[in-house]
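This report refers to the structure that appears directly beneath it.
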Amino acid sequence: MLDSSTPIQWLGADILTTLVFLPSLGALLLLLLPNGAKNAIRAVALLASGATFALSVLVLQRFNPAIAGLEAFRPLLVDRPWIPRFGIRYLLGVDGLSLILVVLTTLLTLCVLVFSFGQTIPKLRGYVAAFLVLETGMIGSLVALDAVLFYVFWEVMLVPMYFIIGIWGGKRRIYATMKFVLFTLAGSLLMFVAILFASGVHAKATGILTFSLLEWIPAASSGAWSLTASEQALLFWAFALAFLVKVPLWPLHTWLPDAHVEAPTGGSIILAGVLLKLGTYGLLRFAIPLFPGAAARYTPLIAVLALIGVVYGAWVAAAQKDMKKLVAYSSVSHLALVVLGIFAGNVTAVSGAVMQMVGHGLTTGLLFLLVGVLYERRHTREMADYGGVASQVPVTTTLFVIAMLGSVGLPGLNGFVGEFLILAGVFKANVWWAAFAATGLILGAIYLLTLTQKVFWGPNRVEANLGLTDINGWELAGALPMIVLVVVLGVWPQPVLDLVRNSVETVVQIASVRMVP
Amino acid sequence: MALPFPLSDLLVILPELILSELALGILLWAAVVKRERERALAWASLASLAIAAALLPVAASFAGELPRSAFGGMIALDGFSLFFKALTLLAAAVTILFSLRFVGTSPYPGGEYYALLLLTTVGMMFMASGTHLVSIYVALELMALSQYVLAGYFKQETKSVEAAAKYFVLGAFSSGVLLYGLSLVYGATGTLSLGGVSAALEAAPRSTLLMVGVVLVACGMLFKVASAPFHVWAPDVYEGAPTPVSAFFAVGPKLAAYAIFARIFFDGFGPRSDDWAPVLAASAALTMVVGNVGALMQTNVKRLLGYSSIGHAGYALLGLLAYRAGGAAGQPEAFGLWAILFYLTAYLLMTFGAFGLVVLLEAKGYATESVDDFNGLWKRNPLAAGAMVVFLLSLAGIPPTAGFVGKYLLFSAALKAGWPALVVLGVLMSAVSLFYYFRIVRAMYLVDGEGEVRWREEPAVAVAVGLCFAGTLAFGVLPQPLIALAKSCLLP
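Which chain is which? The protein sequence lines are A and B, in order. Going by the working numbering, the first sequence wraps up at 517, each residue one higher than the last. Going by the working numbering, the second sequence wraps up at 1009, each residue one higher than the last.
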């Protein structure tokens, strides 16, 4: 039926395997270099992350978005036995949803590394290596279709992030990184038990011991899995909690402001840009398709939490004096809106949610990046220490304003597309939810505009800011691709929507079956 | 004179016999060797272990069809015992590598040290083979007596002597409890061979005598594997004993104890599993909590590893509980048992790795290894710090390491056997464990400043740690060969 049913071979291995492990190869290469060889380290970093990005674009090009359903994974599928005794497979595949996030991941990692060359970063070799290992974990989590393999990559992400916050972070970095690890781990260990339990029930019901989503999802939607209602509920929550901690949904969000504030700029960008999205991705890939009945039953509860999150995040953000903390809380608010869109359960809202996942990654990543530019020069993130710096740093200001407007959701920039679709979809699902969520967006406009005004406009009150230098070449090179995409995807979002349409429809269709036993 | 057993039975215990002879030979040699030539004894001991290991397949092939029973049912050679014997030999070999310099620079002659280590290994090998309560007990005592001496070998160190005294008193007490339990079982069933006990239990009605006997045996065994509430001796002994000896205590005796634990309870008390399973389940729950929560408070790395090893004993108990998981038509599939075999192998690799780094990085003498000593190690020795991270992640059960696969097997076996609450508890405790394991990571990477730790030039230890490191990662990424091996060892 499909001419591309054989896996595309690349450098003697499957293309997705190469994509996953190429960054780690770069990290290994770094170990051979002496710590002081700055230019060599930079070259390896650029080569590894650049090649990974190029490879992800190649996959994007080879991917056929026209295939619907689970068949979408088929053309690029990598399927090998890993631990045959327990039916665990080395199973990699992409559909539109994972692919767009993979490209976002490779792009942001490249941008972060390029950006970091413009900043003073001690122990650069370790820093770059940590990001490259992290990239392997992130891509692996996105393309793994075997639940155990997914769990392995999911945990692999934890370690480099622990070091990124813990070594290169701010004053309270040790507290922040410990909190981050323990919150995430508590959630993911529950998921681990759920994976074991789910496979046991599946094996009993169907006689096949497997962890493959390609088997689990059909079994779940056809009812062959024969989970009782309470089993479904428990499993759903075990998965959902792991992902909602990562998102993070109110009231599980408390690790996020600490982690964001203490993380180095690059860490914040990746955290906001990719790691949080893995939470929402997990909901779409695991929690909802595997347990649609329980997902439907608890949708009202999660929607209420998300609505609280939208307003609470915005409200708290408005009260912040620290720029990074403000952006961090704005993430809480924006991601809650994404969760709301996911659980609204129609194609419009879920497409919007995916669009917003990409959009938020770009705009919030940019905001963190630009705050990082200021922090690098003045070593303070307090808004009160700035004011009227637009005349000193015109380029930074321009970029910041674009990113800020994208985040607010100005039409013509990419934030608008996502928010609009989510609200339109949520409106169809429940008018009150939509009305409530919209207020959060208004608040969002208020605090982000206030932030811009306090920092960049007005009179220059602080003398130390007079010597402020503008964004430098490396930093700008890191920021530019993101800015370009903010604009391009705002004006012309159709390619992304086309890419993810089939994945979104599949999820929505599975969720709408709503098998409540 | 007619022997009470066929001569070919001796071939079944060929590795043990040869190893005993070599150990005694080393003891004699030690009496005449000069102090500065003692290192030769260590190499001879290593060679003895290698010979014993090489003889394992020889014995297996002489024995013919496995499992092969010998000496009137006292001893059996089967895949299970071969696996454990190989592990104990490996444990002893690693311990010798760890001890080379330590013994060489101590004021005490090293000959007896190596001989005792070999003799305790012989005891452990017999334990793995024992199929009769008497042979099991005698083997256990051979192992334990040598270990009491090893714990106090460096007799001018107060802490070492204290550790030895504690170990001896509590060990002797637990042996007494075990022996008393065995005698009650004998009283109730009239036999001491495991097969006989099993058959008698199948037929016999429930009796208080038997119940008390089984529970006392369980208590004795829980003592030996350092499970709560019989665990208090372990951290003190691990802290007080010289580090190479602590490393050995944390691994070797536990392996052997798990071997006889499984043997007694499955082959012997199997028919009464409904009676003893709740006892073990309660102990497993308590052990996981006590070990992991106890470790949270520790500032001494050896004590921390001691408590963590208590927690690991709790996880391994899950495997014992899950022995009969998935058995079709009354045939035990022994999933739990493979899980234990895999887990103990992983445990050996990662525990030796972590202890090995403590040996390599000793600060002042052998007594104090505070977590703070590791401060800023990353900058001075990135290789050691990186290896330590891998061992700690493996101990915490984070992929892609052998510890993760081991825990995965144990937990899924326990789930299959119907102990979901214990699995959830185990998982929660794994999260707790990450907290204290990461305190060491934190000290090495995140805390600035100079720790007291100095890197020792000890190639032998470095090689051993390197092997543990490779194994921990390799069995984490590609566990299938080891799983297949464990599986093939359990099927006749």
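In this text, a Cβ means the ideal position worked out from N, Cα and C, and glycines have one as well. Because the structure is a prediction, the values reported are computed rather than measured.
Exercise. Can you tell which of 667/B, 960/B, 936/B has its C-alpha closest to the C-alpha of residue 886/B?
Worked result: Along the second sequence, one-based indexing puts residue 886/B at 369. The residue with the shortest Cα to Cα distance from residue 886/B is 960/B.
Exercise. Taking Cβ positions, are residue 262/A and residue 387/A nearer each other than 7 Å?
Worked result: Residue numbering aside, residue 262/A sits at position 262 when the first sequence is read from its first letter. Residue numbering aside, residue 387/A sits at position 387 when the first sequence is read from its first letter. The answer is no: Cβ separation not under 7 Å.
For this session: Report the option in 501/A, 194/A, 366/A whose CA atom is closest to the CA atom of residue 233/A.
Result: On the first sequence, residue 233/A is found 233 positions in, with the first residue counted as 1. Ranking the options by Cα distance to residue 233/A, first place goes to 194/A.
For this session: Classify residue 641/B as buried or exposed, calling it buried when 16 or more other Cβ atoms lie within 10 Å of its own Cβ.
Result: Taking the first residue of the second sequence as position 1, residue 641/B is located at position 124. Looking at its Cβ environment, which holds 16 or more other Cβ atoms inside 10 Å, residue 641/B is buried.
Exercise. Of all Cβ atoms in chain A, is any one closer than 7 Å to the Cβ of residue 950/B?
Worked result: Start at 1 with the first residue of the second sequence, and residue 950/B comes out as number 433. So, not an interface residue.
Exercise. For the stretch 68 to 87 of chain A, which residues have a beta carbon sitting closer than 9 Å to at least one beta carbon of chain B?
Worked result: 81, 82, 83, 84, 85, 86
Problem set entry | residue 125/A versus residue 456/A: straight-line alpha-carbon distance, rounded | One-based indexing of the first sequence puts residue 125/A at position 125. One-based indexing of the first sequence puts residue 456/A at position 456. So the alpha carbons of these two residues sit roughly 34 Å apart.
For this session: Taking only runs that begin and end inside the stretch 212 to 262 of chain A, name each unbroken alpha helix (DSSP H) of 4 or more residues, in chain order.
Result: 213 to 222, 229 to 246, 255 to 262
Problem set entry | chain A within 7 Å of residue 815/B, Cβ atoms only | For this step, residue 815/B is matched to residue 298 along the second sequence. No, residue 815/B lies away from the interface with chain A (no Cβ there is under 7 Å from its Cβ).
Problem set entry | the stretch 521 to 533 of chain B touching the stretch 306 to 324 of chain A, judged by at least three CB pairs closer than 8 Å | no
Exercise. Does the beta carbon of residue 166/A come closer than 7 Å to any beta carbon on chain D?
Worked result: Absence of chain D from the displayed structure is noted, the protein chains being A and B.
Exercise. If you draw a straight line from the alpha carbon of residue 266/A to that of residue 370/A, how long is it in whole angstroms?
Worked result: In the first sequence, residue 266/A corresponds to position 266, counting from 1. In the first sequence, residue 370/A corresponds to position 370, counting from 1. Between residue 266/A and residue 370/A, the C-alpha separation is close to 11 Å.
Exercise. If contact means a Cβ-Cβ distance below 8 Å, which residues of the stretch 182 to 193 of chain A contact chain B?
Worked result: 182, 185, 186, 189, 190, 192, 193
For this session: Please list the residues of the stretch 911 to 931 of chain B that have a C-beta atom closer than 7 Å to any C-beta atom in chain A, keeping them in chain order.
Result: 915, 916, 917, 928, 929
Exercise. Mind checking if residue 195/A is an interface residue toward chain B, Cβ cutoff 7 Å exclusive?
Worked result: If you number the first sequence from 1, residue 195/A lands on position 195. No, no contact with chain B.
Problem set entry | Neighbouring residues, chain B, relative to residue 215/A (Cβ below 7 Å) | Counting from one through the first sequence, the residue named residue 215/A turns up at place 215. None at all; the shortest Cβ gap to chain B is about 17 Å.
Exercise. Should the stretch 220 to 233 of chain A be called in touch with the stretch 246 to 264 of chain A, which here means at least 3 C-beta pairs below 8 Å?
Worked result: no
Exercise. Between residue 356/A and residue 94/A, what straight-line distance do the alpha-carbon atoms span, to the nearest angstrom?
Worked result: Locating residue 356/A in the first sequence gives position 356, counting from the first residue. Locating residue 94/A in the first sequence gives position 94, counting from the first residue. In a straight line, the C-alpha of residue 356/A is about 20 Å away from that of residue 94/A.
Exercise. Exposed or buried, residue 724/B, counting other C-beta atoms within 10 Å across all chains shown (16 or more means buried)?
Worked result: One-based indexing of the second sequence puts residue 724/B at position 207. By the neighbour-count rule (16 or more Cβ atoms within 10 Å), residue 724/B is not buried but exposed.
For this session: Return helix, strand or coil for residue 936/B, following the three-state DSSP convention.
Result: In the second sequence, the residue the question calls residue 936/B occupies position 419. Coil.
For this session: Starting from the C-beta of residue 71/A, find all residues in its chain whose C-beta is less than 7 Å away, skip the five residues before and the five after it, and write them out in chain order.
Result: Along the first sequence, one-based indexing puts residue 71/A at 71. Here the set comprises nothing.
Exercise. In chain A, which residues lie with their C-beta within 7 Å of the C-beta of residue 998/B?
Worked result: Taking the second sequence and counting its residues from 1, one reaches residue 998/B at position 481. The premise fails here: residue 998/B is roughly 10 Å from chain A at the closest Cβ pair, so nothing lies under 7 Å.
Exercise. Can you name, in chain order, every residue of its own chain whose Cβ lies under 6 Å from the Cβ of residue 147/A, other than the five neighbours on each side?
Worked result: Within the first sequence, numbered from 1, the residue matching residue 147/A stands at position 147. Excluding sequence neighbours, residue 147/A sits near 195, 211.
For this session: Excluding the 5 residues preceding and the 5 following residue 927/B in the sequence, name in chain order all residues of the same chain whose CB lies nearer than 6 Å to its CB.
Result: By 1-based counting over the second sequence, the position of residue 927/B is 410. Only 832, 835, 836, 856, 860 meet the Cβ criterion.
Problem set entry | Short CB-CB distance (under 7 Å) between residue 174/A and chain B | Here residue 174/A refers to the residue found at position 174 of the first sequence. It does; some Cβ of chain B falls within 7 Å.
Exercise. Hey, is residue 810/B's beta-carbon within less than 7 Å of any beta-carbon in chain A?
Worked result: The residue labelled residue 810/B in the question sits at position 293 within the second sequence. So, not an interface residue.
Exercise. Is residue 681/B near residue 638/B, with beta carbons less than 7 Å apart?
Worked result: For this step, residue 681/B is matched to residue 164 along the second sequence. For this step, residue 638/B is matched to residue 121 along the second sequence. Their beta carbons are not under 7 Å apart, which means residue 681/B does not touch residue 638/B by this criterion.
For this session: Mind listing the chain A neighbours of residue 888/B? Cutoff is C-beta to C-beta under 8 Å, in chain order.
Result: In the second sequence, residue 888/B corresponds to position 371, counting from 1. Neighbours of residue 888/B on chain A: none; closest Cβ ~13 Å, over 8 Å.
Exercise. Since residue 817/B sits in a beta bridge, which residues does DSSP pair it with?
Worked result: Along the second sequence, one-based indexing puts residue 817/B at 300. In DSSP, residue 817/B forms a bridge with 887/B.
Problem set entry | Reference residue 894/B, options 683/B, 604/B, 963/B, closest by Cα | Looking up residue 894/B in the second sequence gives position 377. Cα-wise, what sits closest to residue 894/B is 963/B.
Problem set entry | Contact belief for residue 476/B with residue 718/B at Cβ below 8 Å, rounded distance in angstroms | One cannot answer for residue 476/B here, as it falls past the ends of chain B, which runs 518 to 1009.
Exercise. Hey, is residue 19/A's beta-carbon within less than 7 Å of any beta-carbon in chain B?
Worked result: Along the first sequence, read from residue 1 onward, the residue named residue 19/A stands at position 19. No, residue 19/A does not count as interfacial toward chain B.
For this session: Inspect the beta-carbon positions of residue 20/A and residue 174/A and report whether they are closer than 7 Å.
Result: Start at 1 with the first residue of the first sequence, and residue 20/A comes out as number 20. Start at 1 with the first residue of the first sequence, and residue 174/A comes out as number 174. No, they are not a contact pair.
Exercise. To the nearest angstrom, how far is it from the Cα of residue 507/A to the Cα of residue 134/A?
Worked result: The residue labelled residue 507/A in the question sits at position 507 within the first sequence. The residue labelled residue 134/A in the question sits at position 134 within the first sequence. About 28 Å.
Problem set entry | Beta-carbon contacts of residue 156/A that lie in its chain and below 6 Å, excluding the five residues immediately before and after | As a first step, residue 156/A is located in the first sequence; it is residue number 156 there, counting from the start. The answer, listed in chain order, is 137.
For this session: Less than 8 Å between the CB atoms is what I'm expecting for residue 566/B and residue 580/B, so what's the real figure, rounded?
Result: Within the second sequence, the letter at position 49 stands for residue 566/B. Within the second sequence, the letter at position 63 stands for residue 580/B. No, residue 566/B and residue 580/B are not in contact; Cβ-Cβ is about 21 Å, not under 8 Å.
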